[in-house]
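**Student:** Sending over a structure as structure tokens; questions will come in a sec.
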Amino acid sequence: SNEDSGANGEGQVPTLTLEALEQHNRLTIKNENKTLERRQFNCPVCPKEGRGKQCFFKRVPQMKPICKCPKCKKIKQDDCERLYPIPKGEEKGYGHYRCTGCKSTWGSSRSIANVGQECHSCNLAGKP
29 SNEDSGANGE GQVPTLTLEA LEQHNRLTIK NENKTLERRQ FNCPVCPKEG RGKQCFFKRV
89 PQMKPICKCP KCKKIKQDDC ERLYPIPKGE EKGYGHYRCT GCKSTWGSSR SIANVGQECH
149 SCNLAGKP
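Set out below in structure tokens:
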């Protein structure tokens, strides 16, 4: 029947049954631990409340990368806002650079992926 085969292109949606919901939940819980990824978060509340800049990494499910700030959670218990991760291309971390001109090397704790920095010796762009 059409209910068992899913949507057939004519706008019909399969019927949600208790068995299908339980199967979905089992698969979701089973696969949740396998799809964790390390993401960077930034809390906008901490600097406003005098707790300093709060930028942190946390392992979150890939399908739903949401977490709460550990500092806010400790102080406010359950009354803290959900945070969404910084886009992957804008995450900051430690990077090693090498100048294309004078071959000098340096490290920076404020690196962004695939973005060069200016060499301190010869002012040319260094590559990560």
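Numbering (the working numbering), first residue to last: 29 to 156.
Idealized CB from N, CA, C, for every residue including glycine.
1) For the region 122 to 139 against the region 70 to 87, are there 3 or more C-beta pairs whose distance is under 8 angstroms?
2) Using three-state DSSP, classify Q68 as helix, strand or coil.
3) For the region 43 to 58 against the region 74 to 84, do three or more pairs of beta-carbon atoms, one drawn from each stretch, fall closer than 8 angstroms, so that the two count as touching?
4) In this structure, how does DSSP classify E119 when only helix, strand and coil are distinguished?
5) If the criterion is Cβ atoms closer than 8 angstroms, does the pair S137 and Y122 meet it?
6) If you run the structure through DSSP and keep just helix, strand and coil, what is C127?
**Tutor:** Based on what the coordinates show:
1) no
2) Numbered from its first residue, the sequence shown carries residue 68 at position 40. Correct three-state label for Q68: strand.
3) no
4) Indexing the sequence shown from 1 puts residue 119 at position 91. Coil.
5) The count along the sequence shown starts at 1 and reaches residue 137 at position 109. The count along the sequence shown starts at 1 and reaches residue 122 at position 94. For S137 and Y122, yes; Cβs fall inside 8 angstroms.
6) Counting from 1 along the sequence shown, the entry for residue 127 is found at position 99. In the structure shown, C127 sits in a strand (DSSP, three-state: E or B).
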